[in-house]
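Visitor:
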Amino acid sequence: MIKQILVPTDGSENSLTATDYAISIAKVFNANIRGLFVKDSKILTGPLIHDIGTSIGGMVPYGTFHQTIRTMMESQGDTALNQVEEKCKEKGIAFGREIREGLVSTEIVKSAENCDLVSMGKMGIHAEWRDVFLGTTVEYVVRQTHKPVLITPSQFKPFKKMLIAYDGSSFSDKALQSGAEIAKAMNLLVTVVCVADKEGEAMNILSKAKTFLEGYKL
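Under this note's numbering, the first residue of the sequence shown carries the number 3, and numbering increases by one thereafter.
(1) Identify every residue that forms a DSSP beta bridge with residue 36.
(2) Hey, residue 2 and residue 177: beta-carbon distance below 8 angstroms or not?
(3) Under three-state DSSP, which class holds residue 41?
(4) Within a Cβ cutoff of 6 angstroms, which residues of the same chain sit near residue 125, ignoring the five residues on either side of it in sequence?
(5) Identify whether residue 70 lies in helix, strand or coil by the three-state DSSP scheme.
(6) Quick check on the burial criterion: 16 or more other C-beta atoms within 10 angstroms. Buried or exposed for residue 123?
(7) Using three-state DSSP, classify residue 202 as helix, strand or coil.
(8) Could you compute how far the alpha carbon of residue 211 sits from the alpha carbon of residue 170?
(9) Got a sec, what are the start and stop residues for the alpha helix (DSSP H) residue 18 sits in?
(10) Have a look at 149, 145, 146 and 181 and flag the residue whose alpha-carbon is nearest the alpha-carbon of residue 161.
(11) Distance check for residue 6 and residue 72, CA to CA, integer angstroms please.
(12) What first and last residue would you give for the beta strand (DSSP E) that runs through residue 193?
(13) Considering just the uninterrupted stretch of the beta strand (DSSP E) at residue 181, what are its terminal residues?
(14) Please classify residue 213 as buried or exposed, where buried requires at least 16 neighbouring CB atoms within 10 angstroms.
(15) List the whole-angstrom C-beta distance separating residue 9 from residue 35, where the pair is believed to meet the contact cut-off of C-beta under 8 angstroms.
(16) Rounding to the nearest angstrom, what Cα-Cα distance links residue 110 and residue 205 in this structure?
(17) Taking just the CA atoms, how far does residue 92 sit from residue 220?
(18) Who pairs with residue 89 in a beta bridge, going by DSSP?
(19) I'd like to confirm the pairing. Which residues does DSSP put opposite residue 167 in its beta bridges?
(20) By Cβ distance below 6 angstroms, which residues in the same chain neighbour residue 37 in space, the five residues on each side in sequence not counted?
(21) Report the partner residues of residue 209 according to the DSSP bridge assignment.
(22) If we cut at 8 angstroms on Cβ distances, does residue 219 have a partner in chain C?
(23) Look up residue 219 in the DSSP assignment and say whether it is helix, strand or coil.
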């Protein structure tokens with residue numbers, strides 16, 4: 003059962019779309035949403051900031067420059083979380099906020115331990131400058147967390163159908179269960195796909211999934 007949804011945000015449009023998807027699920031499950039902003043330690047203490055601070059050291063003391071960067075990041079975090087909170091308030095969803103400092107992907111994984119679902123945009127604030135399918139932060143979170151992760155597109159569209167990739171493994175069993183719970187609650191049509199070397203093997207695996215889903219009347 004989904005009771006707490008984590009929405010990591012960097013203030014990007016993709017983060018707000020992830021919020022919209024989280025809200026649509028939260029309304030069905032009567033769940034809370036927790037917004038998370040991570041103050042990126044790579045920016046605050048990384049070599050780039052050190053080099054820039056050193057190069058302008060004759061004009062601005064490094065300590066002053068570093069504090070300016072930190073203040074700007076804190077302001078960015080407040081703005082990003084306020085945007086998520088406003089969307090939640092509009093839909094009557096309970097909202098909480100969390101601010102961490104460290105490596106962004108690592109801190110998201112840590113925070114996810116106390117949630118039932120993570121909703122993230124497939125790209126973050128640097129999306130327009132990246133020519134890849136998934137952002138590095140999203141990929142890390144998906145690989146490292148044991149919690150379900152909803153990776154959202156750039157624009158929100160209401161849920162209508164669900165596709166579950168299933169291979170009969172323990173990991174796909176968890177995905178099947180999570181998918182079944184959401185599909186049942188949201189009245190979604192479910193399709194299960196299995197890719198195997200032999201058709202008979204795939205059919206046996208799909209039969210297992212079919213039996214499981216029948217328990218949810220799907």
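C-beta atoms are modelled at their ideal positions from N, C-alpha and C, and glycine is treated no differently.
Guide: Reading it off the structure:
(1) DSSP, once it has assigned bridges, lists 8 and 98 as partnering residue 36.
(2) What the structure shows of the chain is the stretch from 3 to 220, and residue 2 is not part of that stretch, so it cannot be assessed.
(3) strand
(4) 16 and 137
(5) For residue 70, the secondary structure class from DSSP, reduced to helix, strand or coil, is helix.
(6) buried
(7) helix
(8) 8 angstroms
(9) 15-31
(10) For the options 149, 145, 146 and 181, the alpha carbon positioned closest to that of residue 161 is the one of 181.
(11) Near 29 angstroms, if we compare the C-alpha coordinates of residue 6 and residue 72.
(12) 191-195
(13) Counting along the chain, residue 181 falls outside any beta strand (DSSP E), though it belongs to the alpha helix (DSSP H) covering 172-188.
(14) So residue 213 ends up on the exposed side.
(15) 6 angstroms
(16) 37 angstroms
(17) 32 angstroms
(18) Looking at the DSSP assignment, residue 89 forms no beta bridge with any residue, so it has no partner.
(19) 195
(20) 9, 11, 83, 86 and 99
(21) DSSP lists no partner for residue 209.
(22) This model lacks chain C altogether; it includes just one protein chain.
(23) coil
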